[in-house]
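Asks:
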Amino acid sequence: METVEMNNVSLKRPCSEDDVANVDKIKRQKILEKSKAGNDSGQSIETVTEQPEDMKSEIIPNEESEEQEEEELEDSDEDGDPESFADMMKHGLTESDVGITKFVSSHKGFSGILKERYSDFVVHEIGKDGRVSHLDDFSVPVDDEDPTEETFTVLSDEDKQRLEELQLFKNKETSVAIEVIEDTKEKRTIIHQAVKSLFPGLETKTEDRDGKKYIIAYHAAGKKALANPRKHSWPKSRGSYCHFVLYKENKDTMDAINVLSKFLRVKPNIFSYMGTKDKRAITVQEIAVLRITAQRLAHLNKCLMNFKLGNFSYKNHPLKLGELQGNHFTVVLRNITGTDDQIEQAMHSLREIGFINYYGMQRFGTTAVPTYQIGRAILQNNWNEVMDLILKPRPGAEKGYLVKCREEWAKTKDPAAALKKLPVKRCVEGQLLRGLLKYGMKNIISAFGIIPRNNRLMYIHSYQSYVWNNMVSKRIEEYGLRAVPGDLILKGATAVHIEEGDVDNYTIHDVVMPLPGFDVIYPKHKIGEAYKEMLVADNLDISNMRHKIRDYSLSGAYRKIIIRPQNVSWEVVAYDDPKIPLFTTDLDKLEGKPLPVLPTDGKFRALKMEFSLPPSTYATMAIREVLKMDTSIKNQTQLNTTWLR
């Protein structure tokens, strides 16, 4: 098998730009030899792939104090116009900036449009039992404890508003009185059920006032009741968790859960899931929620846009992150230029050999300051640098309020003044400024700690990924696509070196490479030394990856260097209308929409492919291997491309 190197086909930046990514590139070139082979395709992807999942606009999801005004501001400004987006991406990263430089196949590349429509990218979660999640059933499991449908309509909008304000402690009222019109015992029972099921944490009682019956709603157990839905109202025979399939379009997982929690009037932390899914796609995954009935969840289908809930069941356990087996992808590449032979070669290679298991561009952020640089500064214990990288002005277009916030910070170094320029305070910048305001400029560590833990760890994981990508490119350059003595393979969960006498027992598909940490071993050939040299160049000691702050100590992990997708299939289809869908989704099937009628000889050709990948692998890297090109947003925008919505 032959390895192929790709040249950077993006335009050069002006020498006058203060581009910190170039510093890293120069540093890395001292370690990695210059690329020798040329790009054998010279082609380009014509549109942007997916938005980075790690630092989308650097917004922190699941912030308890989120405000409607902030959400509207974010939504209205989320993507920006295509020109400003392209301008911003001129200062972004290319694949070679993060160590992505090799291909494993020898076929000639071709161009195509990825995600011209978000519906061209469909992800179905694969559970730990190997079952692929599908939305194919809207029915609700019924038991005698479920409230009637009238429960959802008996309260007026005004009643619901007053009850929500009471539930969330938004006013000084200690109770809400609802007059019972057309008083009957049945009517009162329905109102009692409606309040208790729709507003967890509230209790009810009936009172006579001036000859009229009123249902009085009040807090049963203080503020804790909201976070802990009322346990005594849940039937013992029913599993505590309602599991359901979430089908969503053009919305990421945390955004969807925040919307569900608002409609249900509960905290987002009662939801659990096995993995987060991208925004710019149609995705289908399993979600579990504590003590919310399937009936209440199904009722949301009448009022929610862009997602549907179904396949309800009750179980006694939540879901845990990472429990999935992987994801099944259905991807359409439109307006392809490859010949039938090129496409066959590319897809056969993907099925038989696979692709390099690089961390995709999403891992490293969208802006001129890559996330791995912040991660490196954290590991170096250089907290002034961490603060500076997050808050300083950066080249490229950003949302207007962020630009003003950064300018104010550069001018005054005053957290309060910079914060005033920032109407959206749930972003990383806002969190850090609030921390600096609280703890002072001499305690950056505590100020940074205000940022949610997962977001903080994302930075150092990005640095690990940056090192891993570079080392894998070096490994493939040095030794090709065969196992060699000194490589690492896994026996169970333990990594061992391949000895000279055993090398014929293994293939490249068995070889793993470590993410740097204190609990991993390194290859016993040139690449082991290259790891050490790369970290030395970054002022880090590979033999001491423990940090004085425990959260930032890296234990390391192992990752296969080549992934061979499963269940690979493909077909080339012709079409005339770029807006027509080229396959039916789960929702289309449930709603009885017919298959699209496609011409036999259309103006355009599209490659429709399906494949399954294990967790933590990037579909964009598989597509990169097929098309043979740089998948970075920067490269695509520099090639006169358009961010198509």
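So the sequence shown is residues 1 to 645, counted in UniProt numbering. The beta-carbon is built from N, C-alpha and C at its ideal position, and this holds for glycine as well.
1) Flag this pair as yes or no: are the beta carbons of Ser614 and Arg351 separated by less than 8 Å?
2) With a threshold of 8 Å on Cβ separation, who are the neighbours of Gln68 within its own chain once the five nearest residues in sequence on each side are excluded?
3) Going by the DSSP bridge assignment, what does Ile287 pair with across the sheet?
4) Relative to the alpha-carbon of Ala256, which residue among Ile292, Gln295, Val428 and Met305 has its alpha-carbon at the smallest distance?
5) Taking Gln325 as the reference, which of Ile527, Val536, His124 and Leu300 has the closest Cα?
6) For Trp234, which of helix, strand or coil comes out of DSSP?
7) Can you tell which of Arg624, Asp252, Ala294 and Leu290 has its C-alpha closest to the C-alpha of Phe307?
8) What is the C-beta distance between Ser111 and Thr337, in whole angstroms, given that I count them as a contact (C-beta under 8 Å)?
9) Run through DSSP, which three-state label would Gly127 get?
10) Mind reading off the beta-carbon distance from Phe364 to Tyr459? Whole number of angstroms is fine, and I expect it under 8 Å.
11) Counting C-beta neighbours from all protein chains within 10 Å, is the total for Asn301 16 or more, i.e. buried, or is it exposed?
12) Determine the direct distance from the alpha carbon of Leu422 to that of Leu402, and round the result to whole angstroms.
13) Should Ile181 go down as buried or exposed, given a rule of 16 or more other Cβ atoms within 10 Å for buried?
14) Considering Glu610, what are the terminal residues of the beta strand (DSSP E) in which it resides?
15) Across the segment 571 to 588 and the segment 477 to 490, are there enough close Cβ pairs to call them in contact, namely three or more that are closer than 8 Å?
16) Return helix, strand or coil for Asn311, following the three-state DSSP convention.
17) Tell me whether Asp502 sits in a helix, a strand or coil according to DSSP, three-state version.
18) What span of residues does the alpha helix (DSSP H) with His299 cover, start to end?
19) When you compare only the Cα positions, how much space is there between Phe199 and Gln167?
20) Taking 6 Å as the limit between beta carbons, can you name the residues of its chain near Lys532, skipping five residues before and five after?
21) Alpha carbon to alpha carbon, how far is Gln362 from Asn443?
22) In its own chain, which residues sit with a C-beta less than 6 Å from the C-beta of Ser272, not counting the 5 before and 5 after it?
23) Which residues share a DSSP beta bridge with His328?
24) Using beta-carbon positions only, say whether Ala410 and Lys392 come within less than 8 Å of one another.
25) Among the candidates Gln285, Asn316 and Ile445, whose CA atom is the shortest distance from the CA of Gly322?
26) Just to confirm, are Lys474 and Ala530 a CB contact at a threshold of 8 Å?
27) Rounded to whole angstroms, what's the CA-CA distance from Lys262 to Leu627? Just pull it up for me.
28) May I ask you to report which of helix, strand or coil DSSP gives Arg334?
29) Going by the CB atoms, is the gap between Leu379 and Tyr463 shorter than 8 Å?
30) Compute the Euclidean distance between the alpha carbons of Gly354 and Ile508, then round it to the nearest angstrom.
31) Would you decide whether Asp577 is buried or exposed? Buried here means 16 or more other CB atoms lie within 10 Å of its CB.
32) Using CA coordinates, which residue listed in Arg265, Leu135 and His328 is at the minimum distance from Glu165?
33) Mapping the DSSP letters down to three states, classify Phe448 as helix, strand or coil.
34) Suppose contacts are defined by Cβ-Cβ distances below 8 Å. Is Pro514 in contact with Tyr558 by that definition?
35) Among Arg624, Gly602, Thr631 and His525, which residue has its Cα nearest to the Cα of Ser349?
36) Please determine if the segment 597 to 606 and the segment 568 to 575 are in contact, where contact requires at least 3 C-beta pairs separated by less than 8 Å.
Replies: Concretely, from the data shown:
1) Translated into positions along the sequence shown, residue 614 becomes position 614. Translated into positions along the sequence shown, residue 351 becomes position 351. With the sequence shown as reference, residue 614 is identified as Pro, and Ser is not the correct amino acid for it. Taking 8 Å as the Cβ cut-off, Pro614 and Arg351 do not qualify as a contacting pair.
2) Locating residue 68 in the sequence shown gives position 68, counting from the first residue. Confidence at Gln68 is low in this model, with a pLDDT of 41, below 50, so its placement is unreliable and the value that follows should be read with caution. Contacts found: none.
3) As a first step, residue 287 is located in the sequence shown; it is residue number 287 there, counting from the start. Bridge partners of Ile287: Phe244 and Tyr273.
4) Here residue 256 corresponds to residue number 256 of the sequence shown, with the count starting at 1. Measuring from the Cα of Ala256, the nearest candidate turns out to be Met305.
5) Locating residue 325 in the sequence shown gives position 325, counting from the first residue. For Gln325, the nearest C-alpha among the options comes from His124.
6) Locating residue 234 in the sequence shown gives position 234, counting from the first residue. Coil.
7) As a first step, residue 307 must be located in the sequence shown, where it is residue number 307. Phe307 has its Cα closest to that of Asp252, out of Arg624, Asp252, Ala294 and Leu290.
8) Position 111 of the sequence shown, counted from the first residue, corresponds to residue 111. Position 337 of the sequence shown, counted from the first residue, corresponds to residue 337. About 5 Å; that satisfies the 8 Å criterion.
9) Indexing the sequence shown from 1 puts residue 127 at position 127. Coil, per DSSP.
10) The count along the sequence shown starts at 1 and reaches residue 364 at position 364. The count along the sequence shown starts at 1 and reaches residue 459 at position 459. Contact doesn't hold; Cβ gap of about 10 Å is too wide.
11) Here residue 301 refers to the residue found at position 301 when the sequence shown is read from its first residue. With fewer than 16 other Cβ atoms within 10 Å, it is exposed.
12) As a working note, residue 402 is residue 402 in the sequence shown. As a working note, residue 422 is residue 422 in the sequence shown. Distance between the alpha carbons of Leu402 and Leu422: 7 Å.
13) Along the sequence shown, read from residue 1 onward, the residue named residue 181 stands at position 181. With fewer than 16 other Cβ atoms within 10 Å, it is exposed.
14) Start at 1 with the first residue of the sequence shown, and residue 610 comes out as number 610. Taken as a continuous stretch (DSSP letters only), the beta strand (DSSP E) holding Glu610 covers Phe604 to Leu613.
15) no
16) Sequence index remark: in the sequence shown, residue 311 carries index 311 (1-based). Residue state, collapsed to three classes: strand.
17) Taking the sequence shown and counting its residues from 1, one reaches residue 502 at position 502. Three-state DSSP puts Asp502 in a helix.
18) Your numbering for residue 299 matches position 299 in the sequence shown. Start and end: Ala294 to His299.
19) Looking up residue 199 in the sequence shown gives position 199. Looking up residue 167 in the sequence shown gives position 167. Approximately 7 Å, taken between the alpha carbons.
20) Taking the sequence shown and counting its residues from 1, one reaches residue 532 at position 532. Answer for Lys532: Ile542, listed in chain order.
21) As a position in the sequence shown, residue 362 is number 362, starting the count at 1. As a position in the sequence shown, residue 443 is number 443, starting the count at 1. Rounded to whole angstroms, Gln362 to Asn443 spans 31 Å at the Cα level.
22) Position 272 of the sequence shown, counting from 1, holds the residue named residue 272. The answer, listed in chain order, is Ala288, Pro318 and Leu319.
23) Here the question's residue 328 lines up with position 328 in the sequence shown. Note: His328 sits in a beta bridge opposite His124 and Ser612.
24) For this step, residue 410 is matched to residue 410 along the sequence shown. For this step, residue 392 is matched to residue 392 along the sequence shown. Yes, the pair counts as a contact, with Cβ atoms nearer than the cut-off.
25) Mapped onto the sequence shown, residue 322 falls at position 322. That would be Gln285, whose Cα lies nearest to the Cα of Gly322.
26) By one-based count along the sequence shown, residue 474 stands at place 474. By one-based count along the sequence shown, residue 530 stands at place 530. Cβ distance < 8 Å, so Lys474 and Ala530 count as in contact.
27) As a first step, residue 262 is located in the sequence shown; it is residue number 262 there, counting from the start. As a first step, residue 627 is located in the sequence shown; it is residue number 627 there, counting from the start. Roughly 42 Å separates the two Cα atoms.
28) Taking the first residue of the sequence shown as 1, we reach residue 334 at position 334. Note: Arg334 maps to strand in three-state DSSP.
29) As a first step, residue 463 must be located in the sequence shown, where it is residue number 463. As a first step, residue 379 must be located in the sequence shown, where it is residue number 379. Yes, the pair counts as a contact, with Cβ atoms nearer than the cut-off.
30) Position 354 of the sequence shown, counting from 1, holds the residue named residue 354. Position 508 of the sequence shown, counting from 1, holds the residue named residue 508. Gly354 and Ile508: Cα-Cα distance of roughly 11 Å.
31) What you label residue 577 is simply residue 577 of the sequence shown in a count that begins at 1. Its Cβ having fewer than 16 others within 10 Å, Asp577 is exposed.
32) Within the sequence shown, residue 165 is the residue found at index 165, counting from 1. For the residues Arg265, Leu135 and His328, the minimum Cα distance to Glu165 belongs to Arg265.
33) Counting from one through the sequence shown, the residue named residue 448 turns up at place 448. DSSP places Phe448 in helix when its eight states are reduced to three.
34) The sequence position of residue 514 within the sequence shown is 514, counting from 1. The sequence position of residue 558 within the sequence shown is 558, counting from 1. It is a contact, given that the beta carbons lie within the stated cut-off.
35) Against the sequence shown, residue 349 aligns to sequence position 349. Of the candidates Arg624, Gly602, Thr631 and His525, the one whose C-alpha sits nearest the C-alpha of Ser349 is Arg624.
36) yes
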